[in-house]
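Have a look at the structure below before the remarks.
There are 2 protein chains.
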Amino acid sequence: MDSRRSDCEATNIDIVNRVRPNMPETRLLYELSDFFKVMGDSTRIQLLWALEESEMCVGDLAVLLDMTKSAVSHQLKVLRTAKLVRSKKIGKNVYYALDDHHVKSILEKALEHIGE
Amino acid sequence: MDSRRSDCEATNIDIVNRVRPNMPETRLLYELSDFFKVMGDSTRIQLLWALEESEMCVGDLAVLLDMTKSAVSHQLKVLRTAKLVRSKKIGKNVYYALDDHHVKSILEKALEHIGE
DNA sequence: TTGACAATTGAATAGTTGTTCAATTATAAT
DNA sequence: ATTATAATTGAACAACTATTCAATTGTCAA
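Protein chains in written order, with the numbering used here: chain C, 1 to 116; chain B, 1 to 116.
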């Protein structure tokens, strides 16, 4: 049987064999790309940026981002699932806060790449 | 005229008004989310990870990732457009290399978030 | 308990994206 | 010139995703 997907042979098989054992495991690979997928949306970047400044409830965030509560709530759920924010209910409101101290430094690194 | 998209009033208008001036400009916002979009794909993470170890040509990368040259080439183009990799042609081969020293530290920060 | 408000939810839709496939370009070797 | 190999390209398809809309839950006030 031959389950190779690649449609060619390696030109430098020595390099490939040296690099291969250092490649990330499948699980880690998907955790990494899933994390960046969560960051890869302008609405969610805005939410994280805002929550870096202050805790806020869904309605406040909706006004700040000029979006419906529904749209904001959907995206907050994504951030909550990714454990980047946490929420607490106070009366009729639900307040959200950052739940990861890496977010800020990752945003800063990304800003460095972009060139400020 | 009223071009508000949000379907509510702010509960804490003082907080919203304090945070608003610190929000990122539209251009920066999209540069940030576009950058993370590029990182948010397991194939491209693998390519960056591999190129951190060594320059390689498209065929080598295809064998290493067990994908077709076409699929790899398409993704390399995305990375090239994002200025994360550069390429040079040597004979029939095109060799790719990392073109951004931030990639490594951003991956490391992301690994910290995930918890190694 | 009735009415109003905050937030969540699920379904639907429109837009985006990754891989495949077939065709093409460019280089090297015979 | 011809053939073979490396890589790129564009179109097509399937899978995924963000927002909208309507309906629902939960909480407070009257």
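Think of the CB as a built atom: it goes at the ideal place given N, C-alpha and C, for glycine as much as any other residue.
Only a predicted model underlies this, so the values are computations on that prediction, with no experimental measurement involved.
For B:K92, does the three-state DSSP call read helix, strand or coil? coil
Beta carbon of B:I106, beta carbon of C:I106: below 8 angstroms? yes
Return the chain-ordered list of same chain residues with a C-beta closer than 6 angstroms to the C-beta of C:L61, the five sequence neighbours on each side being excluded. V72
Could you pull the DSSP bridge partners for C:C57 from this structure? C:Y95
Does the Cβ-Cβ distance between B:V63 and C:S6 come in under 8 angstroms? yes
What residue range is occupied by the uninterrupted alpha helix (DSSP H) comprising B:E108? H102 to I114
Based on Cα-Cα distance, which residue from C:K109, C:E112 and C:V103 lies nearest to B:I114? C:V103
As assigned by DSSP and simplified to three states, the class of C:R18: helix
Quick one: which chain C residues come within Cβ less than 7 angstroms of B:V78? In chain order: nothing, as chain C lies at least about 12 angstroms away.
In this structure, how does DSSP classify C:S87 when only helix, strand and coil are distinguished? strand
B:Y96 and B:L65: beta carbons closer than 8 angstroms? no
Taking only the alpha-carbon atoms, compute the straight-line gap between C:H101 and C:V85 and give it to the nearest angstrom. 10 angstroms
Give the straight-line distance between the Cα atoms of C:L76 and B:R80, rounded to the nearest whole angstrom. 32 angstroms
From the beta carbon of C:H74, is the nearest beta carbon of chain B less than 8 angstroms away? no
Quick one: list the residues of chain B neighbouring C:P24, beta-carbon separation under 7 angstroms, in chain order. W49
Might you give, ordered along the chain, the residues of its own chain that have their beta carbon closer than 8 angstroms to the beta carbon of C:K83, omitting 5 neighbours on each side? D99 and D100
Can you tell which of B:L29, B:G91, B:P21 and B:K37 has the C-alpha that lies nearest to the C-alpha of C:L32? B:K37
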